[in-house]
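Shown next, in structure tokens, is the structure this report addresses.
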Amino acid sequence: MAHRADSHIHLIENGFDGFFTGRPGVNVDEVKCYDSLAREHDVVATLIIGFEGAPGYVGNNDYLARIKPKYSWIQPMAYVNPLTPPTLSDLERWQQQGFVGLVMYTRPEQDAALPNVPEAIWAWLAERHWLISVVVKGGDWSAWNPILDRHRSLRLVIGHMGSPPRTSSPPSPDQASIALSKVIALSKYPGVQVKLSGFYGITEPRHDYPHTAAWPYVQVLADAFGVERLLWGSDYTPCLDWLTFPQTYNLFYKMPFFSKQDCEQIIGLNLLRTLKEVTGS
Numbered sequence: 064m065a066h067r068a069d070s071h072i073h074l075i076e077n078g079f080d081g082f083f084t085g086r087p088g089v090n091v092d093e094v095k096c097y098d099s100l101a102r103e104h105d106v107v108a109t110l111i112i113g114f115e116g117a118p119g120y121v122g123n124n125d126y127l128a129r130i131k132p133k134y135s136w137i138q139p140m141a142y143v144n145p146l147t148p149p150t151l152s153d154l155e156r157w158q159q160q161g162f163v164g165l166v167m168y169t170r171p172e173q174d175a176a177l178p179n180v181p182e183a184i185w186a187w188l189a190e191r192h193w194l195i196s197v198v199v200k201g202g203d204w205s206a207w208n209p210i211l212d213r214h215r216s217l218r219l220v221i222g223h224m225g226s227p228p229r230t231s232s233p234p235s236p237d238q239a240s241i242a243l244s245k246v247i248a249l250s251k252y253p254g255v256q257v258k259l260s261g262f263y264g265i266t267e268p269r270h271d272y273p274h275t276a277a278w279p280y281v282q283v284l285a286d287a288f289g290v291e292r293l294l295w296g297s298d299y300t301p302c303l304d305w306l307t308f309p310q311t312y313n314l315f316y317k318m319p320f321f322s323k324q325d326c327e328q329i330i331g332l333n334l335l336r337t338l339k340e341v342t343g344s
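Residue numbers are given in our numbering: position 280 of the sequence shown equals residue 343, and the series is strictly consecutive.
Okay, here's the thing in structure tokens:
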């Protein structure tokens, strides 16, 4: 069995409000809890998705920088808002702290601000193979086409399968392709990868493991990007409201269009290969 590598988790110092570890009366050390899961499930690398998109989470980037040296599996990614893009000094500081990429959550106003991000920022990110993890929340994936046309080697990582519509029954292949058409259009850029994460947010009910209603989405993404550009993401800690941790990766073995070798690539080998290109080790 190959090592596992998780492309999408959150570590919040005081818990993620509204989810299990942030509920009143719950006191969970999210880092130690994940460390125990990582040891049990042989997770050797994890992308930590920084989040400062609400007042209660300001300072999360600094928190990730503080805990990075304590755990070998932590690969932090710094939250940024395209409305106030980072400077080259910010990027260099984060690189010194061990960060491997940036995180964006985009709505229409953030999409509109992407052209204002200085070209020097995109060039710095492309040259160092840094990852750009993006979750679109009401925005438009096509906003990335002009940027990727100019910087074809940028490492865009599409979060949560591109956020297709939630469904309680499997869409037809044509319906799935239409729902993800703007995501599929990004497959022509060699540096773009897709996270197979957040299944609880795409199926109804949320706890409907193994999420067969979402399988057509997965298949059209696999057809477009190839298995080698798909990454498992547990979405810890929010996932724990509806699933056990091993369910977040075991569902791939139940999908008839994936072989065991495909699953091992998705669950670990693909991300480990990508991280070697970022960190050089």
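C-beta: ideal position from N, C-alpha, C; glycine also. Just so you know, these numbers come straight off a predicted model, no measurement behind them.
In the three-state reduction of the DSSP assignment, Met224 falls in the helix class, which pools H, G and I.
Between Leu100 and Pro145, the C-beta gap is not smaller than 8 Å, which leaves the two residues out of contact. Around the beta carbon of Asp298, 16 or more other beta carbons sit within 10 angstroms, so the residue counts as buried. Residue pairing by DSSP places Tyr299 opposite Ile72 in a beta bridge. Distance between Ala287 and Ile247, taken at the CA atoms: about 6 Å.
Between Leu165 and Gln138, the beta carbon gap of about 13 Å keeps them out of contact (Cβ cut-off 8 Å).
Secondary structure of Tyr168 (DSSP, three-state): strand. Looking at the DSSP output, Tyr142 sits in a beta bridge with Val166. The C-beta distance from Ala68 to Val106 rounds to 7 Å, short enough to meet the 8 Å contact threshold. Apart from the 5 residues on each side of it in sequence, Trp305 sits with its Cβ closer than 7 Å to the Cβ of Tyr263, Arg269 and His270 in its chain, given in chain order. Annotated three-state conformation of Ser250 is helix, per DSSP. Sequence-distant partners of Pro149 (beyond 5 residues in either direction) whose C-beta falls short of 6 Å from its own C-beta, in its chain, are Val143. Annotation for Val199: the continuous beta strand (DSSP E) segment containing it runs Leu194 to Val199. Here the stretch 74–85 lies against the stretch 121–128, with 3 or more beta-carbon pairs under 8 Å apart. For Thr109, the uninterrupted beta strand (DSSP E) run begins and ends at Val106 to Ile112, by DSSP.
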